[in-house]
Amino acid sequence: MTSTDQPQVDTSGFNTNSGPSGLKITDMRIAVVGHGGWRWPIIKLYTNQGIVGLGEVRDGASARYALMLKSRLLGDNPCDIDRL
Numbered sequence: 008m009t010s011t012d013q014p015q016v017d018t019s020g021f022n023t024n025s026g027p028s029g030l031k032i033t034d035m036r037i038a039v040v041g042h043g044g045w046r047w048p049i050i051k052l053y054t055n056q057g058i059v060g061l062g063e064v065r066d067g068a069s070a071r072y073a074l075m076l077k078s079r080l081l082g083d084n085p086c087d088i089d090r091l
């Protein structure tokens, strides 16, 4: 392969018709993982276009606090990360 060749990518398992401006959060779930006394809440966001994303609860906030914000996040665009 030369520097001008494009690698072949199999996109058969991906939704290539998504529209970022139309993305909306439809659900949010939380799992708490831990090790050695440490615990980290992990957020899983679901969208109206079948895209799922993972993130962490910032600044040491609890999973309970994150779940309180769920109603404020539903319907928002997950691409607007500064607002979220």
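Terminal number for the sequence shown in our numbering: 91, no gaps in between. The beta-carbon is built from N, C-alpha and C at its ideal position, and this holds for glycine as well.
- For residue 51, the enclosing beta strand (DSSP E) stretches over residues 45 to 54.
- Inter-residue distance for residue 53 and residue 33 is about 6 Å (C-alpha atoms, whole angstroms).
- For residue 38, the enclosing beta strand (DSSP E) stretches over residues 32 to 42.
- Counting every other CB atom within 10 Å of its CB across the protein chains shown gives residue 64 a total of 16 or more, marking it as buried.
- Taken through DSSP and simplified to helix, strand or coil, residue 74 comes out as helix.
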